[in-house]
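**Student:** The sequence shown runs 43 to 613 under the numbering used here.
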Amino acid sequence: MKKIVLMGNPNVGKSVVFSRLTGARVISSNYPGSTVDFAKGRMHIRGHEAEIIDAPGTYSLQASNKAEEVAARVLDQADLVINVVDATNLERNLFLTLELIETGKPVVVALNIWDEAVRSGIEIDYPALEEELGVPVIPVVALSGEGIRELVQRMDEVSSSPARPPVSDEEKWIRIGSVTREIQTIRHRHPTLRDRISLASIVPITGVPIAIGVILLAFFTVRIIGETMIQFIFDPIFDLYLPFVTALGNWLGPGILQEVLIGRLIDGEIDYVQSLGILTTGLYVPLGMVLPYIISFYFTLSILEDSGYLPRLATLADSVFHRLGMHGYGIVPLFLGMGCNVPGALATRCLDTRKQRFISATLLAIAVPCMAQLAMIFGVLGPFGLMYILMVIATLFIVYIAGGLVLARFVKGESYEICLEIPPYRMPDPGIIAKKTWMRVRGFLGEAIPYLFAGILLVNILYATGFLDWIGNLFAPVTAGLFGLPKEATTALLMGFLRKDLAVGMLIPLGMAPLQLVIAVTVLTIYFPCVATFAVLVRELGSIDMLKSTAVMVATALIVGTAMRVILLGV
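1) Based on DSSP bridge pairs, tell me the residues matched to V47.
2) Pull up the DSSP beta-bridge partners for K82, would you.
3) Let me make sure I understand the geometry here. Which of G427, T437, T404 has the alpha-carbon closest to that of A593?
4) Within this structure, are the beta carbons of F570 and A599 separated by less than 9 Å?
5) Which of the three DSSP states, helix, strand or coil, is assigned to G305?
6) Put T604 into one of helix, strand or coil per three-state DSSP.
7) Please report the Cβ distance between P375 and S402, rounded to the nearest whole angstrom; I am assuming they are in contact, meaning their Cβ atoms lie under 8 Å.
8) Given this structure, state the Cα-to-Cα distance separating I69 from V183, to the nearest angstrom.
9) Classify F262 as buried or exposed, calling it buried when 16 or more other Cβ atoms lie within 10 Å of its own Cβ.
10) By DSSP's criteria, I228 is part of a beta bridge. Which residues make up the other side?
11) Return the residue from the list V483, G189, V596 that minimises the CA-CA distance to I408.
12) Check for me: the beta strand (DSSP E) holding V179 runs from which residue to which?
13) Report all residues from its chain with a CB closer than 8 Å to the CB of N72; omit the five preceding and five following residues, and keep chain order.
14) Assess, as a yes-or-no matter, whether the segment 80–100 is touched by the segment 151–170 under the definition of 3 or more beta carbon pairs within less than 8 Å.
15) Identify, in the order they occur along the chain, each residue of the same chain with its Cβ nearer than 7 Å to the Cβ of F280, setting aside the five sequence neighbours on each side.
16) Would you say I95 and K45 are within 9 Å of each other, going by their C-beta atoms?
17) Measuring alpha carbon to alpha carbon, tell me which of I443, F341, Y467 ends up nearest A476.
18) Hey, would you say V47 sits closer than 9 Å to V116, going by beta carbons?
19) Since L175 and V151 should fall inside the 8 Å C-beta cutoff, what is the C-beta to C-beta distance between them, to a whole number of angstroms?
20) In angstroms, rounded to a whole number, what distance separates the CA positions of P74 and T227?
21) Relative to the alpha-carbon of G249, which residue among G189, E212, A359 has its alpha-carbon at the smallest distance?
22) Would you list, in sequence order, the uninterrupted alpha helix (DSSP H) runs of no fewer than 4 residues that lie entirely inside the segment 124–148?
23) Please work out which residues of its chain come closer than 7 Å, Cβ to Cβ, to M43, disregarding the five sequence neighbours upstream and downstream, and give them in chain order.
24) So is S349 in contact with chain B if we call contact Cβ pairs under 9 Å?
25) Looking at C-alpha atoms only, which residue of I513, C572, V410, V453 is the closest neighbour of F439?
26) Does E582 come out as helix, strand or coil in the three-state DSSP assignment?
27) CB-CB under 6 Å to A545, same chain, minus the five flanking residues each way: which ones, in chain order?
28) Apart from the five residues on each side of it in sequence, which residues of its chain come closer than 8 Å, Cβ to Cβ, to L321?
29) Since I believe R607 is in contact with G526 (beta carbons under 8 Å), could you give me their beta-carbon distance rounded to a whole number of angstroms?
30) For L388 and L559, which I take to be in contact (beta-carbon distance under 8 Å), what is that distance rounded to the nearest angstrom?
31) What's the gap between the Cα of E456 and the Cα of D394?
32) Return the residue from the list D471, R231, T222 that minimises the CA-CA distance to G163.
33) Give the C-beta separation of L378 and F339 to the nearest angstrom, bearing in mind that I take them to be a contact with Cβ-Cβ under 8 Å.
34) Between E311, F137, Y335, I87, which lies nearest to E269 when the distance is taken from Cα to Cα?
35) Does DSSP put A409 in a helix, a strand or coil?
36) Counting along the chain, where does the alpha helix (DSSP H) carrying T567 start and finish?
See the structure below:
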């Protein structure tokens with residue numbers, strides 16, 4: 043079977059071209075990491091089936107990172123190469139084009155984002171470029187499908203040629219400069235409103251207020267969509283499911299099987315959150331509580347990506363996050379984690395190295411409360427005054443910054459500089475937004491749900507066998523001695539492993555003073571992620587790194603909790 047490989051710089055629209063060619067619903071993202079694992083699909087060309095491979099974005103065949111190494115390996119398999127080029131940045135893109143032509147493999151150039159080049163006053167004589175390069179050059183607009191049919195028709199025109207002698211990088215750039223002067227004309231035009239907005243969103247003095255506004259808007263959008271889906275779709279479905287699982291529990295009768303499958307009855311009834319049964323909590327937490335926010339987050343994230351804003355946000359955040367051992371895209375897991383830690387944990391893939399992912403995941407787990415937990419913190423501490431809420435938020439902020447500085451210093455590994463291109467603002471296509479959201483949700487269902495289910499099963503077994511109660515009694519002296527909290531608070535802290543917001547609510551009946559509640563909710567946030575996040579982090583980091591991350595979490599909780607007891611309680 044003929045293999046056709048799509049090659050190009052990052053963020054030139056390769057994945058959208060791939061989707062047009064194959065009909066496959068492939069994600070096209072504006073942040074690194076989304077195509078490090080190359081995608082495959084199939085298409086028919088003149089009655090013959092061909093395999094299409096979407097290689098990771100690369101600036102050169104001289105690999106400098108993991109993505110470029112993968113791209114070089116994929117290229118070796120190619121019978122034909124489609125080089126996707128950004129028409130608005132022709133000079134930079136042509137370096138890879140010349141490298142591909144040097145390999146001797148058949149090459150077709152797809153000049154993508156042609157419509158944006160025209161709007162920007164860029165005129166490219168593509169027939170002259172085709173003659174200069176000696177390979178077919180076709181202008182395309184992948185988002186609308188313009189030019190894709192001609193691209194497919196001209197694939198048969200190219201054939202293998204002997205590999206050309208490689209020339210130095212300097213010679214390539216000299217030739218590129220000569221070619222672009224000959225075939226490209228840039229007309230002067232006055233800045234448009236979109237140009238002014240683009241500049242304002244990058245310059246710190248205006249970009250930071252814009253970023254805060256965008257994040258708050260996105261945050262509330264996610265909350266509204268998620269809560270609406272829970273109220274009108276998922277909760278009614280589980281209400282219909284309740285009589286069946288109740289009847290099953292009655293048929294099973296008391297015993298270990300009922301404890302595992304149905305869980306404990308709360309006030310004589312099944313409570314989807316607290317019962318801890320496989321068929322109750324095991325289904326409701328991942329599907330009825332987490333999934334709605336996953337859908338709303340991925341929908342919002344897709345809009346931010348396709349509009350072109352996400353790289354601008356990363357640019358603004360880069361200087362801060364680089365000091366914390368990451369780069370600007372470290373703001374993506376932080377942003378997602380404020381709504382739900384599960385998509386935040388999955389978003390650590392947007393970082394390039396193991397060190398960066400480890401730091402991001404660990405800081406997410408210890409210092410970023412999810413939206414549900416934040417709501418409970420406001421509910422518990424709000425009656426005592428805003429000051430106590432701000433104390434918790436300020437402590438978590440300090441922990442995030444201090445923890446990042448320490449981890450950046452002592453965690454071994456590489457932390458590459460950010461290298462990204464700021465794309466133009468574009469109106470997101472509703473169809474592509476829907477496809478991307480669905481693909482990501484489907485990936486979550488396939489990758490994360492089994493781990494969530496297994497984590498809840500483990501907690502259920504520990505709960506049913508009384509092991510959690512034994513652990514609670516064992517650590518009660520720590521809760522009272524180090525943190526200055528009642529021994530009864532230990533149970534709430536342990537329950538935080540299942541649901542942090544539920545655990546915060548369990549602190550209310552204990553009659554603690556406001557400062558004790560500040561310590562309790564802060565330690566509850568830091569010491570361990572909920573079971574859903576923990577299960578995903580095991581999948582993302584691996585068991586060894588997760589053990590290291592867990593050790594950091596526990597040590598941080600002990601240090602911070604003890605320090606807060608000394609500072610706030612004076613004992």
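A virtual CB, placed ideally from N, CA and C, is assigned to each residue, including glycine.
**Tutor:** On the basis of the supplied data:
1) According to DSSP, which records beta bridges pairwise, V47 is partnered with I95, V123.
2) Per DSSP, I95.
3) For the residues G427, T437, T404, the minimum Cα distance to A593 belongs to T404.
4) Yes, the pair counts as a contact, with Cβ atoms nearer than the cut-off.
5) For G305, the three-state secondary structure derived from DSSP is strand.
6) T604 carries a helical assignment under DSSP once its states are collapsed to helix, strand and coil.
7) At roughly 5 Å, the Cβ-Cβ gap stays under 8 Å, so P375 and S402 are in contact.
8) Confidence in I69 is poor, its pLDDT being 43 and thus under 50, which makes the residue's placement unreliable; the coordinate value appears in the next sentence. Taking the straight line joining both Cα atoms gives about 17 Å.
9) It is exposed - the Cβ of F262 has fewer than 16 other Cβ atoms within 10 Å.
10) Looking at the DSSP output, I228 bridges to I164.
11) Each of V483, G189, V596 was checked against the Cα of I408, and the nearest Cα belongs to V596.
12) Per DSSP, V179 belongs to the beta strand (DSSP E) from 179–181.
13) Its pLDDT being 33, under 50, N72 is placed unreliably in this model, and the value from its coordinates should be taken loosely. Excluding sequence positions up to five before and after N72, its CB lies within less than 8 Å of the CB of N53, E347, D348, G350, L352, P353, P465, all in the same chain and listed in chain order.
14) Contact fails: fewer than three Cβ-Cβ distances are below 8 Å.
15) By the criterion of a C-beta distance shorter than 7 Å, F280 is surrounded in its chain by Y314, Y326, G330, once the five residues flanking it on both sides are discounted.
16) A distance below 9 Å separates the beta carbons of I95 and K45.
17) Here the closest residue by C-alpha is F341.
18) A Cβ-Cβ contact shorter than 9 Å links V47 with V116.
19) Right, their Cβ atoms sit about 7 Å apart.
20) Confidence in P74 is poor, its pLDDT being 38 and thus under 50, which makes the residue's placement unreliable; the coordinate value appears in the next sentence. In this structure, the CA atom of P74 is about 31 Å from the CA atom of T227.
21) Selected option, being the one with the closest Cα: A359.
22) Runs of the alpha helix (DSSP H) lying entirely within the segment 124–148 and spanning at least 4 residues, in chain order: 132–144.
23) Correct list, in chain order: E91, A92, E93.
24) Looking at the structure shown, chain B is missing, and only one protein chain is on hand.
25) Minimum Cα-Cα distance from F439 among the listed residues I513, C572, V410, V453 corresponds to V410.
26) Under the three-state reduction of DSSP, E582 is assigned to helix.
27) Excluding sequence neighbours, A545 sits near A534, M537, G538, L566.
28) Excluding positions up to five away in sequence, the list reads V287, L290, L303, I304.
29) At roughly 4 Å, the Cβ-Cβ gap stays under 8 Å, so G526 and R607 are in contact.
30) At roughly 31 Å, the Cβ-Cβ gap does not stay under 8 Å, so L388 and L559 are not in contact.
31) Cα to Cα, the separation comes out at about 9 Å.
32) Nearest Cα to G163 within the set D471, R231, T222: R231.
33) Contact holds; Cβ gap of about 6 Å.
34) Looking at the Cα atoms, Y335 is the closest of the given residues.
35) A409: helix per DSSP, three-state reduction.
36) Counting along the chain, the alpha helix (DSSP H) containing T567 begins and ends at 556–569.
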